[in-house]
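Chains as they are written, first to last, in full-length UniProt numbering: chain A, 1 to 344; chain V, 1 to 344. Report on the following structure.
2 protein chains.
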Amino acid sequence: MNSKERTITIADVAERAGVSKSTVSQYLNERYEYMGEQTKERVAAAIQDMGYRPNIVARSLKQKKSTTIGVIVANISHEFSTQIVKSIEDYCNAADFHIIVCNAEDDPAKEKKYIDMLRAKQIEGIIVFPTSTNIELYKELTLEDYPLVFIDRNVPEVDVSSIMLDNKRAAALAVEEFVNHDYSRIGILTNSTVNNVTTRIERVDGFREALHSHGLEVNEDYIKSVELNYIQDELSKMMHLSVPPDAILAGNDLVLAEILKYTKQYNLKIPDDLAVIGIDDVSFASIYNPELTTIAQPTSKMGMDAAKLLLNRIKGISENGQKHYRYEPTLMRRSSCKARRQIL
Amino acid sequence: MNSKERTITIADVAERAGVSKSTVSQYLNERYEYMGEQTKERVAAAIQDMGYRPNIVARSLKQKKSTTIGVIVANISHEFSTQIVKSIEDYCNAADFHIIVCNAEDDPAKEKKYIDMLRAKQIEGIIVFPTSTNIELYKELTLEDYPLVFIDRNVPEVDVSSIMLDNKRAAALAVEEFVNHDYSRIGILTNSTVNNVTTRIERVDGFREALHSHGLEVNEDYIKSVELNYIQDELSKMMHLSVPPDAILAGNDLVLAEILKYTKQYNLKIPDDLAVIGIDDVSFASIYNPELTTIAQPTSKMGMDAAKLLLNRIKGISENGQKHYRYEPTLMRRSSCKARRQIL
DNA sequence: TTGTATGCGTTATCAC
DNA sequence: GTGATAACGCATACAA
């Protein structure tokens with residue numbers, strides 16, 4: 001019943017059942033086609049009796065399959081990352097795949113180390129929030145036809161399928177919402193990782209374009225990308241400009257938090273003193289005072305689709321040509337961007 | 001340089017370097033002691049040239065070690081879980097271990113499935129937020145001396161090391177804070193999972209005891225454990241009592257969010273109409289209006305320690321007798337529990 | 001110091 | 001229908 005002494009193998013089961021290893025293996029793999037009914041029963045009984053548990057590592061070695069994929073997140077502290085991981089996990093669980101989660105902390109070296117380890121472990125594919133620095137590594141993987149999917153960000157130099165938000169549209173949605181509520185001095189704050197993250201760039205580009213298309217001037221003083229720790233400083237500078245912004249777009253959840261810390265500390269009223277919209281629909285958006293208008297990403301779908309894309313690729317199911325999937329952001333209209341007239 | 005054709009093995013490297021497989025293996029395992037300097041170089045060169053990458057699966061099979069542990073979280077939606085996972089990951093990464101994250105969603109069946117799969121994969125140990133229903137399974141694992149660590153919750157029936165918050169103390173801290181600010185009609189809301197979760201029970205017990213020790217009466221109408229979806233209903237009932245509570249303790253982050261939704265919807269002022277303290281120091285605590293007083297868990301330390309405990313156990317380093325570690329909660333005094341006099 | 005032989009637990013390919 | 005046997009890639013005694 002319990003195998004405290006020695007790990008019991010297929011051979012043990014075979015002996016006990018009075019059949020050969022092959023037969024047991026057949027049974028385990030449900031190839032009962034040409035198997036005698038009583039043999040089947042005997043094997044089943046032996047397995048039961050001895051408490052046999054297959055060794056997947058041995059199987060992996062033989063089959064060169066680990067039924068495991070890796071997920072390398074750029075920064076696990078983003079709510080967005082967690083949500084993505086959760087939905088990838090859901091999908092994989094249903095497909096009897098496991099996931100190994102790695103937190104690269106936006107560090108290309110760490111990312112590389114993880115990728116190497118994952119490959120050494122015969123992990124069958126990787127979903128990664130890529131840092132843009134490991135281009136050569138990605139190229140190598142692509143050359144070797146290693147299943148890879150980018151999520152949240154992209155690396156244009158490499159030909160890898162990607163799952164991304166339509167970032168320009170996200171910025172445009174926010175700008176439009178600001179404009180519709182009569183804000184005109186609109187700024188954007190994003191955190192610049194050292195790496196050349198496409199997502200941030202697209203959001204800023206989309207922001208500029210949206211301003212243009214609404215006939216607004218782009219004020220460079222209102223556009224800043226700095227590390228998280230400096231967000232408050234930059235915002236402070238903006239607010240002390242002779243003409244400060246009256247609305248600000250937060251590039252992601254963490255930036256939003258920094259902005260809110262600032263407004264709180266200096267007692268700025270949202271949206272009266274400063275309207276705010278954040279990209280990423282943070283968990284506290286609807287319970288915050290005031291409720292926070294945000295741009296939501298379809299995280300659940302994005303995670304699922306990334307997993308599906310990767311698993312299909314692994315299983316050799318052809319992906320139909322297209323490579324770069326874009327997801328539609330959704331404006332969650334709440335109260336941090338409201339017409340001031342209503343309020344005053 | 002690239003091995004598109006065939007996976008290249010130690011044998012290939014050996015041949016290329018003109019040495020034997022053993023020598024290469026020695027090299028890989030850094031046992032250079034009795035190895036000629038030039039042999040070393042030749043091997044290194046061959047590895048480099050051929051782009052050899054060790055196959056950890058094969059190594060695992062041979063050594064019966066996977067350098068991987070599993071982490072089964074009860075519910076990945078709790079910020080607490082994410083933080084714990086993050087710190088486990090940190091520790092393991094430093095120790096060159098990998099983690100496989102599984103989300104049991106408080107479902108014992110799912111938990112069991114995961115445990116089985118992890119064991120089949122020769123995962124060397126598991127850190128789990130246990131559902132209290134799989135007692136037999138835990139007992140079995142214990143019997144087989146399988147490395148296991150419980151975190152956040154405990155299962156008294158089983159003899160497994162555990163890492164837990166001092167939950168009674170957490171509740172007591174909250175009650176004390178309420179009392180110190182002249183609240184006396186104090187309630188507690190926790191979510192009851194179907195399973196018999198020790199954590200919730202301890203928090204409620206601690207709550208009662210603290211009330212007693214402050215000479216306060218325990219009003220059962222103020223103590224409710226229900227599923228998350230019903231938290232608002234229960235709170236509503238409480239607030240419509242002829243004598244409603246004036247302070248409420250939230251059993252965890254998700255419950256807190258429900259409470260805040262309610263107070264927001266019905267325009268209750270915190271802390272004037274209702275003082276609130278939450279167990280778990282949520283990310284938005286210090287940016288919320290008002291700032292939220294919380295009881296923080298030392299998540300980072302707890303995660304680290306859980307990982308350390310498990311890894312030591314795996315490495316055969318004796319743990320010194322003690323089994324159940326309790327961690328001290330910290331009161332994060334902010335503004336959702338303040339003397340009303342000050343405010344009025 | 002280096003080479004040889006063998007086993008880890010499973011699956012696959014054939015025979016029988 | 002079932003069984004022997006050779007891989008899978010690596011590590012490890014032990015021999016040389």
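Even glycine gets a Cβ: it sits at the ideal position worked out from N, Cα and C. Here the structure is a predicted model, which is why all the values come from computation and not from measurement.
Cβ-Cβ distance between G251(A) and L173(A) below 8 Å: Your numbering for residue 251(A) matches position 251 in the first sequence. Your numbering for residue 173(A) matches position 173 in the first sequence. In terms of Cβ geometry, G251(A) and L173(A) do not form a close pair [threshold 8 Å].
Per-residue contacts from K264(V) into chain A (C-beta, under 9 Å): Along the second sequence, read from residue 1 onward, the residue named residue 264(V) stands at position 264. What K264(V) touches in chain A: S286, I287, Y288, N289 and E291.
Neighbouring residues, chain V, relative to Q122(A) (Cβ below 8 Å): Translated into positions along the first sequence, residue 122(A) becomes position 122. One finds N55, I56 and V57 in chain V with Cβ atoms closer than 8 Å to the Cβ of Q122(A), taken in chain order.
Residue-chain proximity (A119(A), chain V), Cβ-Cβ < 8 Å: Along the first sequence, one-based indexing puts residue 119(A) at 119. The question names Ala, but residue 119(A) is Arg in the sequence shown. Interface annotation, R119(A): in contact with chain V, CB-CB separation under 8 Å.
Own chain partners of D305(V) with C-beta closer than 7 Å, once the 5 adjacent residues on each side are dropped: Walking along the second sequence from the start, residue 305(V) turns up at place 305. Excluding sequence neighbours, D305(V) sits near I163 and Y325.
Close Cβ partners of T198(V) (< 6 Å) along its chain, the five nearest in sequence each way excluded: Here residue 198(V) corresponds to residue number 198 of the second sequence, with the count starting at 1. Closer than 6 Å at Cβ, skipping near neighbours: R153 and N154.
Outcome for R313(A) when other beta-carbon atoms lying within 10 angstroms are tallied against a minimum of 16: Against the first sequence, residue 313(A) aligns to sequence position 313. In the assembly as shown, R313(A) is a buried residue. Its beta-carbon has 16 or more other beta-carbons within 10 Å.
Through-space distance from Q297(V) to T330(A), alpha-carbon basis: As a working mapping, residue 330(A) is identified with position 330 in the first sequence. As a working mapping, residue 297(V) is identified with position 297 in the second sequence. One C-alpha to the other measures close to 35 Å.
N191(V), buried or exposed, once every other Cβ within 10 Å from all chains shown has been counted against 16: Against the second sequence, residue 191(V) aligns to sequence position 191. Burial of N191(V) is indicated by the presence of at least 16 other C-beta atoms within 10 angstroms of its C-beta.
In DSSP terms, what C102(V) is bridged to: For the purposes of this step, residue 102(V) is identified with residue 102 of the second sequence, where counting begins at 1. I72(V).
Runs of alpha helix (DSSP H) lying entirely within the stretch 134-212 of chain V, each at least 4 residues, in chain order: Taking only runs of at least 4 residues, the alpha helix (DSSP H) segments lying wholly in the stretch 134-212 of chain V are 135-143 and 167-180.
Cβ-based burial, G51(V) [other Cβ within 10 Å; buried from 16]: The residue labelled residue 51(V) in the question sits at position 51 within the second sequence. By the 10 Å Cβ count, G51(V) comes out exposed.
N- and C-terminal bounds of the alpha helix (DSSP H) containing V255(V): Numbered from 1 along the second sequence, position 255 holds the residue referred to as residue 255(V). D253 to Q265 is the span of the alpha helix (DSSP H), which, as asked, contains V255(V).
Outcome for residue 396(V) when other beta-carbon atoms lying within 10 angstroms are tallied against a minimum of 16: Any property of residue 396(V) remains undetermined from this structure, which presents chain V solely from 1 to 344.
Residue from D253(V), V276(V) and A11(V) with nearest C-alpha to S184(V): In the second sequence, counting from the first residue as 1, residue 184(V) sits at position 184. Out of D253(V), V276(V) and A11(V), the CA that lies nearest to the CA of S184(V) is found in V276(V).
C-alpha gap between N29(A) and V226(A), whole angstroms: Locating residue 29(A) in the first sequence gives position 29, where the first residue counts as 1. Locating residue 226(A) in the first sequence gives position 226, where the first residue counts as 1. Cα atoms of N29(A) and V226(A): separation of roughly 55 Å, rounded to the nearest angstrom.
Closest residue to L254(A) among P244(V), I287(V), D233(V) and D246(V) (Cα-Cα distance): As a position in the first sequence, residue 254(A) is number 254, starting the count at 1. Comparing Cα positions, the closest option is I287(V).
Cβ-based contacts, 7 Å cut-off: residues of the UniProt domain "HTH lacI-type" (8-63) of chain A near chain V: Correct list: R53, P54, N55, I56, V57, A58, S60 and L61.
Beta-carbon proximity of T23(A) to A11(A), cut-off 8 Å: Here residue 23(A) refers to the residue found at position 23 of the first sequence. Here residue 11(A) refers to the residue found at position 11 of the first sequence. Going by beta carbons, T23(A) and A11(A) fall outside the 8 Å limit.
Stretch pair the stretch 63-70 of chain A + the stretch 120-131 of chain A: three plus CB contacts closer than 8 Å: Three or more beta-carbon pairs drawn from the stretch 63-70 of chain A and the stretch 120-131 of chain A are found closer than 8 Å, and the two stretches are therefore classed as touching.
Cβ neighbours of I69(V) in the same chain (closer than 7 Å, five flanking residues each side left out): On the second sequence, residue 69(V) is found 69 positions in, with the first residue counted as 1. If the five residues before and after I69(V) are omitted, its C-beta is found closer than 7 Å to the C-beta atoms of C92, F97, I99, I123, E124, G125, I126, I127 and L310, all from its own chain and listed in chain order.
Simplified DSSP assignment, three categories, for I231(V): If you number the second sequence from 1, residue 231(V) lands on position 231. Note: I231(V) maps to helix in three-state DSSP.
Length of the line joining the Cα atoms of G278(V) and A170(V): As a working note, residue 278(V) is residue 278 in the second sequence. As a working note, residue 170(V) is residue 170 in the second sequence. Approximately 10 Å, taken between the alpha carbons.
Contact check, S335(A) vs P290(A), beta carbons under 8 Å: In the first sequence, counting from the first residue as 1, residue 335(A) sits at position 335. In the first sequence, counting from the first residue as 1, residue 290(A) sits at position 290. Their beta carbons are under 8 Å apart, which means S335(A) touches P290(A) by this criterion.
Touch test, the stretch 73-88 of chain A against the stretch 102-117 of chain A, Cβ-Cβ under 8 Å, three pairs minimum: Three or more Cβ pairs drawn from the stretch 73-88 of chain A and the stretch 102-117 of chain A lie within less than 8 Å of each other, which places the two stretches in contact.
8 Å Cβ cutoff, V128(A) in contact with chain V: By 1-based counting over the first sequence, the position of residue 128(A) is 128. Not one beta carbon of chain V lies nearer than 8 Å to the beta carbon of V128(A).
Own chain residues within Cβ distance below 6 Å of Y327(V), not counting five before or after: Position 327 of the second sequence, counted from the start, is the residue given in the question as residue 327(V). Close CB contacts of Y327(V) within its chain, under the 6 Å cut and outside five residues either way in sequence, are with L165, P298 and M302 (chain order).
Under 8 Å by beta carbon: chain V residues contacting T82(A): As a first step, residue 82(A) must be located in the first sequence, where it is residue number 82. Ordered by position in chain V, the residues that pass the 8 Å Cβ test against T82(A) are I76 and T82.
Contacting residues, own chain, Cβ-Cβ under 7 Å from S60(V) (five flanking each side not counted): Numbered from its first residue, the second sequence carries residue 60(V) at position 60. Here the set comprises S66 and Q122.
Neighbour flag for N103(A) against chain V, beta carbons, 8 Å: Taking the first sequence and counting its residues from 1, one reaches residue 103(A) at position 103. Taking Cβ atoms only, chain V reaches closer than 8 Å to N103(A), which makes this a yes.
Own chain partners of R16(A) with C-beta closer than 8 Å, once the 5 adjacent residues on each side are dropped: The residue labelled residue 16(A) in the question sits at position 16 within the first sequence. Excluding sequence neighbours, R16(A) sits near A46, D49 and M50.
V19(V) classed as buried or exposed, judged by whether at least 16 other C-beta atoms fall within 10 angstroms: For the purposes of this step, residue 19(V) is identified with residue 19 of the second sequence, where counting begins at 1. When all chains shown are included, V19(V) counts as buried.
Reference S242(V), options N219(V), N229(V), L249(V) and A257(V), closest by Cα: By one-based count along the second sequence, residue 242(V) stands at place 242. Closest by alpha carbon: N219(V).
Exposed unless 16 or more other CB atoms sit within 10 angstroms - verdict on T142(A): On the first sequence, position 142 is the one that residue 142(A) refers to. Flag for T142(A) reads exposed.
Min CB distance E89(V) to chain A below 8 Å: Sequence index remark: in the second sequence, residue 89(V) carries index 89 (1-based). So yes, E89(V) belongs to the interface.
Expected contact under 8 Å - CB spacing of M238(A) and G316(A) to nearest Å: Working through the first sequence from its first residue, we reach residue 238(A) at position 238. Working through the first sequence from its first residue, we reach residue 316(A) at position 316. For M238(A) against G316(A), the beta-carbon gap comes to about 52 Å, at or over 8 Å, which does not count as contact.
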